[in-house]
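Anchor point for the sequence shown: position 302 equals 301 in numbering that gives the first Met the number 0, and the numbering is continuous, going up by one each time.
By construction, the Cβ of each residue, glycine as well, lies at the ideal position given by its N, Cα and C atoms.
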Amino acid sequence: MAEVTLRAITKSFGDVKIIKGVDLQIADGEFCVFVGPSGCGKSTLLRMIAGLEDITSGSLSIGGKEMADVEPADRGVAMVFQSYALYPHMTVKDNISFGLRMTGHKQADIAPRLTRAAEMLQLTHLLDRKPSQLSGGQRQRVAIGRAIVREPGVFLFDEPLSNLDAALRVQMRTEIGKLHADLGATMIYVTHDQVEAMTMADKIVVLNGGVIEQVGSPLELYHRPRNLFVAGFIGSPKMNFIPGTAAPAADGKIAVTLKDGTQLTLDGRGAKLSSGQPVTLGIRPEHLAPGQDGLKATVKLAEYLGSETMFYAALADGSEIAVKADGLAKAAIGSALSIGLNPAACHLFNADGVAIIHGDLTR
Ligand SMILES: Nc1ncnc2c1ncn2[C@@H]1O[C@H](COP(=O)(O)OP(=O)(O)OP(=O)(O)O)[C@@H](O)[C@H]1O
């Protein structure tokens, strides 16, 4: 069993506190993805789990065992880096088996592990090559192979695919997914890539400024973001935010007046709010319907992507709004666009940015 538990973890570099108290439970066999803006502490947290960075305060356990005095090599974890970190003078075979040789494993033990990892990663025909004779994707596979042969309970991936081109990323994403299914190991994965996070994760951890904003399954975070930060971070193109005020209305409904004067009525869903309180309405670009009655906007930019068209438009008060339409939709720059808005898909956030209504269409 290799569950990972972080309790009140902090990390400071000198006087600067980078990780400000993280509590997190990652179940055995789970695929957990850390996302967040650059500098929020994703890699630092991963490196602390690996034992490559000291923990300033708090505790970490892996497989139920406290890690405070356990060396990186003895933690049952293996890390795959963005830079691959291969030895250039060694063959693929030697790169993959290096760690095992260093820890005194016998050749009879190393050989079957090497064969199996090479087969899983389609590296068998490349075992005698040097890293310089491999493509970027093949090098990344060697780095993953080096982790696999150690048979760790926990794999740690630090943006492993960010040096690969778009097509190869898609292929490697699928391969890592398969590897997870085959090995059943716990995997913790840092990425900047929304699609990687959404498609690979059982659980996404959204970090911001060294604290966790929300933990949940990809679709939970997408449909029920806890606050403005998560709502704006998960989903691409990002959720639209339109300022306004809200007041309780008849039958438990909420009357919202947007800054441009548009009025709409939302289901209250039990939310408590005071009359005239400032709110931010959140609506995803795909939940807006160009050409229907609703918001009055002026088209500023249109992107024709074939499968879909993105309109970027401005409301009367200057608020910008992104609208995802079908690939055949057309509108001239500067033309008026009426945009229908599905009330059931609207999120509402209070002045502190906390969600008071979720536009969760799955319910
Ligand atoms: N050894 C160090 N000494 C001082 N500051 C550090 C050190 N390592 C990281 N930091 C700082 O800690 C913060 C978090 O860095 P970290 O690499 O964990 O962020 P990240 O979320 O992984 O960012 P990115 O997505 O850009 O890789 C940054 O402000 C960084 O400058």
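Residue i versus residue j - alpha carbon distance
i: T9; j: V3; result: 16 angstroms
i: K329; j: V76; result: 52 angstroms
i: N207; j: L314; result: 30 angstroms
i: G28; j: A246; result: 46 angstroms
i: L336; j: R362; result: 30 angstroms
i: A377; j: A312; result: Because the chain is modelled from 0 through 362, residue 377 falls outside the range shown and cannot be assessed.
i: L182; j: F154; result: 10 angstroms
i: I54; j: D73; result: 17 angstroms
i: A354; j: A270; result: 10 angstroms
i: L45; j: I187; result: 8 angstroms
i: S134; j: G290; result: 48 angstroms
i: N341; j: A165; result: 34 angstroms
i: H286; j: F310; result: 13 angstroms
i: V204; j: I211; result: 7 angstroms
i: I61; j: G231; result: 32 angstroms
i: R100; j: A110; result: 11 angstroms
i: A344; j: D192; result: 25 angstroms
i: K105; j: K177; result: 29 angstroms
i: E52; j: T43; result: 7 angstroms
i: L364; j: L220; result: Residue 364 is absent from the model: the chain starts at 0 and stops at 362.
i: I282; j: L59; result: 38 angstroms
i: A107; j: H124; result: 21 angstroms
i: G352; j: G20; result: 21 angstroms
Neighbourhood of residue i by C-beta, 7 angstroms cutoff - its chain only, sequence neighbours within 5 removed
i: L126; result: T90, V91, K92, A117
i: T370; result: Nothing can be reported for residue 370, as the shown portion of the chain is limited to 0 through 362.
i: S334; result: V298
i: H357; result: H222, R223, H346
i: G243; result: V255, T256, L257, K258, V278, L280
i: C39; result: L206, N207, G208, G209
i: S274; result: A246, P247
i: K16; result: T9, G209
i: A26; result: E2
i: G251; result: G267
i: S11; result: I17, T55
i: R138; result: Y83, L85, P130
i: G35; result: K41, V205, L206, N207
i: M171; result: G136, Q139, L160, L163
Close Cβ partners of residue i (< 8 angstroms) along its chain, the five nearest in sequence each way excluded
i: E307; result: K323, A324, D325, G326
i: A84; result: A142
i: P375; result: Nothing in the structure corresponds to residue 375, since the chain is present only between 0 and 362.
i: A350; result: Q276, P277, V278
Close-in-space but distant-in-sequence residues of the same chain around residue i (CB under 6 angstroms, 5 per side omitted)
i: A200; result: F30, V32, P217
i: M197; result: P217
i: R140; result: L120, L122
i: I241; result: L257, L280, S318
i: I253; result: A245, L265, G267
i: V79; result: A142, I143, A146, F156, P159
i: D316; result: K258, D259
i: A288; result: G339
i: S161; result: Q81
i: E302; result: M309
Residues bridged to residue i (per DSSP)
i: A226; result: Before going further, note that residue 226 is Asn rather than Ala in the sequence given. Paired residue(s): V353.
i: I143; result: The partner list for I143 (beta bridge, DSSP) is empty, contrary to what the question assumes.
i: F80; result: Answer is none; F80 lacks a bridge partner.
i: C31; result: I187, K202
i: G215; result: I203
i: D325; result: E307
i: K105; result: None; K105 has no bridge partner.
i: G339; result: A288
i: R172; result: According to DSSP, which records beta bridges pairwise, R172 is partnered with nothing at all.
i: G281; result: F240, H346
i: S56; result: T9
i: P247; result: I253
i: A312; result: V298, I320
Within 7 angstroms, strictly: CB atoms of residue i and residue j
i: H222; j: D359; result: yes
i: A321; j: N239; result: yes
i: L113; j: G136; result: no
i: Q213; j: V229; result: yes
i: R6; j: G50; result: no
i: G152; j: A1; result: yes
i: G215; j: R149; result: no
i: L272; j: F348; result: no
Short CB-CB distance (under 7 angstroms) between residue i and chain D
i: L5; result: In the structure shown, chain D cannot be found, because there is only a single protein chain.
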